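If you read the protein sequences in the order shown, they are chains A and B.
In terms of numbering that gives the first Met the number 0, the first sequence opens at residue 0 and continues consecutively.
In terms of numbering that gives the first Met the number 0, the second sequence opens at residue 0 and continues consecutively.
As structure tokens, the structure follows; a few thoughts come after it.
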Amino acid sequence: MELPAQTTMGRHHRVLMVSDFFYPNFGGVENHIYYLSQCLLQRGHKVVVVTHAYGTRSGVRYMTNGLKVYYIPWLPFFMQNTLPTFYGTFPLIRNILIREGITIVHGHQAFSTLCHEALLHARTMGNKVVFTDHSLYGFADLGSIHMNKVLQFTLADVQQAICVSHTSKENTVLRSNLPSQKVFVIPNAVDTAMFKPDPSLRPSDQVVIVVISRLVYRKGADLLVEVIPAVCKRFPNVYFIVGGDGPKRVRLEEMREKHSLQDRVEMLGAVPHARVRSILVRGHIFLNSSLTEAFCIAILEAASCGLLTVSTRVGGVPEVLPLDMIVLAEPVPADMVSAVGRAIQLLPSINPFEMHKRMKTLYSWMDVAKRTEVVYDHAVNSDSNDLCERLTRYYACGPWAGKLFCLVAVIDYIFALFLQWWQCT
Amino acid sequence: METEEKPVLNGEKHVVDYPRYTYECEGHIQALASVHRIIVKQRKGRFFKIFWLTLMLCSFLLIFNSIFVSQVINGLECIFLLSTLIVRMFQKNEVTEEAVILMPMLGVQLETSYHSGKVMRRFLPMQKILAAVINEAVTPTTCYFYLALLVREKSELTLVFQEVRPPLDVLISIWKALNDATNFQPNYPASIG
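Now the structure itself:
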């Protein structure tokens, strides 16, 4: 195998991005993987993406700039996640790692079973591993406890980890007992070229508040149900545009009927990502009512379009925007209503083009790619570990869990030897 | 693994050895026909592997089912019979050789020879072939390259090699030969829709 080429910027890596979440699904993680891959390709690295098959979309596909995507034919079973068989994907992942000559495997999102499996197999094959966590998770309920244990297993043997905000780093370090020196913080970015302001589309006699989110509990749809009528009552010239779909949409429709707000609240339904900008530029204020958020790209998109943001002070949101571009409130309806009031007063002093220019300097995907490259260089330079050292780390994870993790790793190693023998004969 | 770029002439044979297959390429009648053969190497070890696996399986079943000695002896006979039958079954369906015979003026003949002596042949006239493509297939356990032909009035690709999976270099040389052969034809209007 030839050595990676040396350039002025450093070595060229061959990266495998693994996650259950990728196009044609739309979301924060998917966008992150895509933009990061494109920027890394431009910087001269080789990037391959592995995800599960979406319906009939199975096999190899090529995206822009030759980004190769493997849609492996393991069907999702629960919330977009592949069926976790521990060792089922090993032959295929091993094949992909060898034929593409991968040096670093980069997994995304703790909730993705394919990611955890691929990272385990990559470690057994001797590749370096980097993990990025995109969300905050709890500690108390049964699902979270299991998820955290799985995360602890995966992160016990990872070279470096990346989190999207300092709050997210704290959360990840607490959940997985990873030493904090191994965790880098690289915030997400926004494609400012796609989100440009256009104040001519805003009405001058009304204040338009835009809400675009999945209408689920986590995103604070219940808060919206309280806040919208209160705001409409207090500020007679306010008009709401609500985009997005979800289980809580019914509640919002009911609220609209109950308070007779049909001419003041516009419900758009599901908005494809390509149309988000055209909705955002119609507004003056962007309202985000999430109950938990590691980092909020929606706020970045709104700020890039020149909207003033009103948001709940949760998770990593305070780290996203400078304080003159955002008004924060506690996730309580009364506080949010007063925050909207403060925002309406601040509106005359906001210059959308000024905001857009600032966002361009603050956030860019190329910057994220450069910082991720630094993480890759660190990962590659960390010492290569053999099975015994890995087992020592797994064993330290807990009295029962440690032994279980060791067993899983040893069986994986034996499976690897078996596959090597089988493929060679 | 070398790839030979020299044109194949009268009766000349190029042989390239790979771990699992032998690739033979010969030309006849002043490059008006060429034969590309993929011969599967016969490995005795493989049958012993299947034999041994069947033996293990049967012995496990035996341990669970019978306790008495007489039954054990009967069981052993059953094991040997069963494993022999299974081995014969595998052997019969096994492919010994796959070949592509290119006749640029006439067409392409695809051959598959089995261990039982049966040979399956398919012929595709040159007018029907649009192009040859190398594509990647992903299965739940592996991914590999395969060579296929785009045939007129057929919505599916026609595989050139049914069972064997030769390495990419071999596929590329056969693909080049197929390309030259299909481009040999005068321009036919491409079918639309």
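We treat Cβ as the ideally placed atom computed from N, Cα and C, and that holds for glycine.
As the structure is a computational prediction, the values presented were derived from the model and not from experiment.
TODO: For Asp132(A), name the three-state secondary structure that DSSP assigns.
DONE: To locate residue 132(A), count along the first sequence from 1; it is residue 133. Residue state, collapsed to three classes: strand.
- [ ] Find the nearest neighbour of Leu170(B) within the set Gly116(B), Leu80(B), Ile37(B), Met55(B), judged by alpha-carbon distance.
- [x] In the second sequence, residue 170(B) corresponds to position 171, counting from 1. If we check each option's Cα against that of Leu170(B), Ile37(B) comes out closest.
Task: Residue from Val172(A), Ile284(A), Ala297(A), Leu119(A) with nearest C-alpha to Thr452(A) - done: This structure cannot settle anything about residue 452(A), because the visible part of chain A is limited to 0 through 424.
Open item on the list: With a threshold of 9 Å between beta carbons, is Ala176(B) in contact with chain A?
Closed with: Indexing the second sequence from 1 puts residue 176(B) at position 177. Judged by the 9 Å Cβ criterion, Ala176(B) is not in contact with chain A.
- [ ] Give the straight-line distance between the Cα atoms of Val374(A) and Pro186(A), rounded to the nearest whole angstrom.
- [x] Position 375 of the first sequence, counted from the first residue, corresponds to residue 374(A). Position 187 of the first sequence, counted from the first residue, corresponds to residue 186(A). Cα to Cα, the separation comes out at about 13 Å.
Open item on the list: Just to confirm, is the Cβ distance from Ala160(A) to Lys181(A) under 9 Å?
Closed with: By 1-based counting over the first sequence, the position of residue 160(A) is 161. By 1-based counting over the first sequence, the position of residue 181(A) is 182. Taking 9 Å as the Cβ cut-off, Ala160(A) and Lys181(A) qualify as a contacting pair.
TODO: Just the C-alpha distance for Asp262(A) and Tyr69(A), rounded to the nearest angstrom, thanks.
DONE: What you label residue 262(A) is simply residue 263 of the first sequence in a count that begins at 1. What you label residue 69(A) is simply residue 70 of the first sequence in a count that begins at 1. So the alpha carbons of these two residues sit roughly 47 Å apart.
Task: Three-state class that DSSP yields for Gln344(A) in the structure shown - done: Working through the first sequence from its first residue, we reach residue 344(A) at position 345. In this structure, Gln344(A) counts as helix in the three-state DSSP scheme.
Task: Thr153(A) classed as buried or exposed, judged by whether at least 16 other C-beta atoms fall within 10 angstroms - done: Working through the first sequence from its first residue, we reach residue 153(A) at position 154. Buried, since its Cβ has 16 or more Cβ neighbours within 10 Å.
Open item on the list: Is it buried or exposed, Pro202(A), if we count other Cβ atoms within 10 angstroms and call 16 or more buried?
Closed with: In the first sequence, residue 202(A) corresponds to position 203, counting from 1. With fewer than 16 other Cβ atoms within 10 Å, it is exposed.
Open item on the list: For the ligand ZN, is there any heavy atom lying closer than 8 Å to the beta carbon of Ala147(B)?
Closed with: Inclusion of the ligand ZN in the displayed structure is not the case, the ligand content being empty and no account of it being possible.
Open item on the list: Contact criterion: CB-CB distance below 9 Å. Does Gly87(A) meet it with respect to chain C?
Closed with: Reference to chain C is not applicable here, since the protein chains of this structure are A and B.
Open item on the list: Let's test the definition: count the other Cβ atoms within 10 Å of the Cβ of Gln391(A) and tell me whether it reaches 16, buried, or not, exposed.
Closed with: The residue you call residue 391(A) lines up with position 392 of the first sequence. Looking at the sequence itself, residue 391(A) is Thr, so the reference to Gln does not match. Counting Cβ neighbours within 10 Å, Thr391(A) comes out exposed, since fewer than 16 surround it.
Task: beta strand (DSSP E) runs contained entirely in the stretch 296-342 of chain A, provided each spans 3 or more residues - done: 307-311, 325-328
TODO: Pick out the complete beta strand (DSSP E) segments inside the stretch 95-159 of chain B, 3 residues or longer, and give them in chain order.
DONE: 106-113, 118-124, 128-137, 142-150
Open item on the list: Just checking: is the beta-carbon of Tyr412(A) within a distance shorter than 9 Å of some beta-carbon in chain B?
Closed with: Position 413 of the first sequence, counted from the first residue, corresponds to residue 412(A). Not one chain B Cβ lies under 9 Å of Tyr412(A).
Task: Best match in Glu300(A), Ala342(A), Ile103(A), Glu388(A) for proximity to Val47(A) [C-alpha to C-alpha] - done: On the first sequence, residue 47(A) is found 48 positions in, with the first residue counted as 1. The residue with the shortest Cα to Cα distance from Val47(A) is Ile103(A).
TODO: Go to Met254(A), then tell me how far its alpha helix (DSSP H) extends in each direction, as first and last residue.
DONE: Position 255 of the first sequence, counted from the start, is the residue given in the question as residue 254(A). Element bounds for Met254(A): 248-257.
- [ ] Pick helix, strand or coil for Pro196(A), following the three-state DSSP scheme.
- [x] Position 197 of the first sequence holds residue 196(A). Looking at Pro196(A) - three-state DSSP - the assignment turns out to be coil, as it is neither helix nor strand.
Open item on the list: Between which residues of its own chain and Gln158(A) is the CB-CB distance below 7 Å, once the five residues before and five after are set aside?
Closed with: Reading the first sequence from its first residue, position 159 is the one you call residue 158(A). Excluding sequence neighbours, Gln158(A) sits near Lys127, Val128, Val129, Ala378, Ser381.
- [ ] Give the C-beta separation of Ala293(A) and Val163(A) to the nearest angstrom, bearing in mind that I take them to be a contact with Cβ-Cβ under 8 Å.
- [x] Locating residue 293(A) in the first sequence gives position 294, counting from the first residue. Locating residue 163(A) in the first sequence gives position 164, counting from the first residue. About 5 Å separates the two Cβ atoms, so the contact holds.
TODO: Please report the Cβ distance between Val270(A) and Gly314(A), rounded to the nearest whole angstrom; I am assuming they are in contact, meaning their Cβ atoms lie under 8 Å.
DONE: Your numbering for residue 270(A) matches position 271 in the first sequence. Your numbering for residue 314(A) matches position 315 in the first sequence. Contact flag wrong, Cβ pair sits at about 23 Å.
Open item on the list: List, in chain order, every chain B residue whose beta-carbon is nearer than 7 Å to that of Ile95(A).
Closed with: Looking up residue 95(A) in the first sequence gives position 96. Those are Cys142, listed as they occur along chain B.
Open item on the list: Could you compute how far the alpha carbon of Ser193(B) sits from the alpha carbon of Ile85(B)?
Closed with: An answer regarding residue 193(B) cannot be provided, because it is not within the stretch 0 to 192 covered by chain B.
Open item on the list: Taking contact to mean 3 or more Cβ pairs, one atom from each stretch, closer than 8 Å, check whether the stretch 320-335 of chain A and the stretch 266-280 of chain A are in contact.
Closed with: no
Task: Any 3 or more C-beta pairs closer than 8 Å across the stretch 135-147 of chain B and the stretch 160-176 of chain B - done: yes
Task: 7 Å Cβ cut-off: residues of chain B touching Val425(A) - done: Here chain A has residues from 0 to 424 only, and residue 425(A) is not among them.
Task: Where Val47(A) sits in the DSSP three-state scheme - done: As a first step, residue 47(A) is located in the first sequence; it is residue number 48 there, counting from the start. DSSP places Val47(A) in strand when its eight states are reduced to three.
- [ ] Quick one: measure Cβ to Cβ for Ser207(A) and Leu251(A), integer angstroms, because I've assumed they're closer than 8 Å.
- [x] The residue given as residue 207(A) occupies position 208 in the first sequence. The residue given as residue 251(A) occupies position 252 in the first sequence. Here residue 207(A) is Val; the residue named in the question, Ser, does not match the sequence. Actually they are not in contact, since the Cβ atoms of Val207(A) and Leu251(A) sit about 17 Å apart, beyond 8 Å.
Task: Where the beta strand (DSSP E) through Ala415(A) begins and ends - done: As a first step, residue 415(A) must be located in the first sequence, where it is residue number 416. Segment 400-423 is the alpha helix (DSSP H) holding Ala415(A); no beta strand (DSSP E) there.
TODO: Measure how close the beta-carbons of Glu11(B) and Glu23(B) come, nearest whole angstrom, since I'm counting them as under 8 Å.
DONE: In the second sequence, counting from the first residue as 1, residue 11(B) sits at position 12. In the second sequence, counting from the first residue as 1, residue 23(B) sits at position 24. Not quite, the Cβ-Cβ distance comes to about 11 Å (not below 8 Å), so this is no contact.
TODO: Could you confirm whether any beta carbon from chain B is found closer than 9 Å to the beta carbon of Ile71(A)?
DONE: By one-based count along the first sequence, residue 71(A) stands at place 72. Closer than 9 Å: yes.
Open item on the list: Is it the case that the stretch 393-406 of chain A contacts the stretch 33-46 of chain A, given that we only count it when at least three CB pairs across the two stretches are under 8 Å?
Closed with: no
- [ ] Keeping to the same chain, check which residues put their C-beta closer than 7 Å to that of Phe414(A); ignore five residues upstream and five downstream.
- [x] Translated into positions along the first sequence, residue 414(A) becomes position 415. Here the set comprises Tyr86, Phe89.
Open item on the list: Tell me which residue opens and which closes the beta strand (DSSP E) that Tyr70(A) is part of.
Closed with: Here residue 70(A) is taken as the residue at index 71 of the first sequence, counted from 1. 66-71 is the span of the beta strand (DSSP E), which, as asked, contains Tyr70(A).
Task: Residues bridged to Ser33(B) [DSSP beta-bridge criterion] - done: By 1-based counting over the second sequence, the position of residue 33(B) is 34. According to DSSP, which records beta bridges pairwise, Ser33(B) is partnered with Gly26(B), Leu101(B).
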